[in-house]
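For reference, the structure is listed below as structure tokens.
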Amino acid sequence: MQTPVRLAVISVSFIWLCAAAWMSTELGQAWDWMNFVPDDSYLRDFFTDRESFPSALTYPVDVVWEVPAYPAVKKLSALETKLESSQWVQEGSVVSWYGPFCAANSAVCEADVTSETDFMAALNQWLAAAGRAFRPDIKMNADRSSIVFSRIKATYEPSAVATSEAMVDGMFGLRQEVDAAAPGAFPFTYQYMFWEQFAVVKEELYTNIGLALACVLVICTLMIAHPGTALLVCLMVCATLFSMGGVDYLIEHSIDAVGMVCFAFAVGISVDYSVHIAHNFMMQTKGDRVDR
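Residue numbers (this note's numbering): 1 to 292.
Following this line, the structure appears as structure tokens:
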């Protein structure tokens, strides 16, 4: 290969790698489980049609609290207020037993001197009649003399958790608001199983790739016995990863748990070809560097 051609190839490659490196840093993160449903499957049509209904786009959340000793239960009022005013909660979606109970038993809730015995007697009487629909939201001890757990139902505001970054903010934000209103209380929705990955996927991706590259550098240095050549192998692996990130950006693909695994796999796949070339270069004894 003539020198002008080599310079042209190096220049084009360098420009692409710089652009790919920038595009890799701009990759977003998202999870779409529909990617695992075949295009010609009737399930895709079913789920696509289902998403046209507003209820399919909501994220119900349960706020659970292990209630401390009486009268801590009265903090449920502050917890309700916090949820109703939260930017993460859909307006009018908060469903709690404490508000209706206090509306029917204002004397018990408002009095500062009400004993736990009087409070629980009124609560048991209310749950047996008008408040029977709220029985699943209250867990009492064996003799029904105190409350062990309490639950409040709500729904996330869809527009507030429309992106993966917003989902992470909504998950941690609601946790902080709930714990501030009632220490020890926590929200839970099955969607947290997916949202949790958004909080760590980029950090885990960088950690896994960094550790893999460190292993590549150490092993190549030992096996090739030339630090400079081993470093070039690592640089070629990095170039491959940047190229993958650049292509992902161009096709509007986001990082998710599956993509993170693919990037880790790419380290092992790309190092194989590069290290073979590097090893062959070091084994040649005739000619200059260009000939080798």
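No residue lacks a Cβ here, since even glycine has one placed at the ideal position from N, Cα and C.
Here the structure is a predicted model, which is why all the values come from computation and not from measurement.
Just confirm the distance between the C-beta atoms of residue i and residue j, as a whole number of angstroms; I'd bet it's less than 8 Å.
i    : j    : result
L76  : A154 : Not quite, the Cβ-Cβ distance comes to about 13 Å (not below 8 Å), so this is no contact.
Q90  : Y156 : 7 Å
V275 : C220 : 6 Å
L127 : R135 : 6 Å
V63  : R151 : 7 Å
W88  : A199 : Contact doesn't hold; Cβ gap of about 15 Å is too wide.
K202 : Q2   : The Cβ separation is near 43 Å, so there is no contact.
V108 : T117 : Not confirmed; about 11 Å, so no contact.
V271 : V233 : 7 Å
A185 : L43  : Not a contact, Cβ separation roughly 37 Å.
T58  : P187 : 15 Å between Cβ atoms; not a contact.
G246 : S24  : 6 Å
Relative to the C-alpha of residue i, which candidate in the options has its C-alpha closest?
i    : options                   : result
S251 : W88, L27 and F119         : Correcting the residue type first, residue 251 is Ile in the shown sequence and not Ser. Per the Cα distances, L27.
M223 : Y192, H279 and A212       : H279
A266 : H276, S243 and H253       : S243
I147 : W65, S274, V200 and F47   : W65
G131 : F101, F149 and A162       : F101
N35  : T240, D256 and L235       : D256
L213 : H226, E196, Q197 and C238 : C238
W97  : T117, A107, P68 and K139  : K139
W195 : C18, S13, W33 and V9      : W33
S86  : G228, A181 and P136       : A181
S145 : G210, P158, D169 and Y70  : Y70
L241 : I209, N141 and A133       : I209
D248 : W22, L79 and A142         : W22
G268 : L211, R50, S254 and H253  : L211
G259 : S13, W31 and P4           : W31
Just to confirm the assignment, what range does the alpha helix (DSSP H) spanning residue i have?
i    : result
I224 : Y192 to I224
I277 : A257 to M283
T117 : E116 to L127
S243 : P227 to L250
P100 : Y98 to A104
Which residues share a DSSP beta bridge with residue i?
i    : result
P183 : DSSP, once it has assigned bridges, lists no residue as partnering P183.
M140 : I147
V95  : K153
F188 : D62
At what residues does the beta strand (DSSP E) containing residue i begin and finish?
i    : result
S150 : I147 to Y156
Between residue i and the ligand MG, is there a pair consisting of the residue's CB and a ligand heavy atom that are separated by less than 7 Å?
i    : result
G210 : Although the ligand MG was asked about, the structure shown includes no ligands whatsoever.
If we cut at 8 Å on Cβ distances, does residue i have a partner in chain B?
i   : result
E80 : The chain inventory of the structure shown lacks chain B, comprising one protein chain alone.
Residue ranges of each alpha helix (DSSP H) within the segment 19-89, 4 or longer: 42-50 and 76-85
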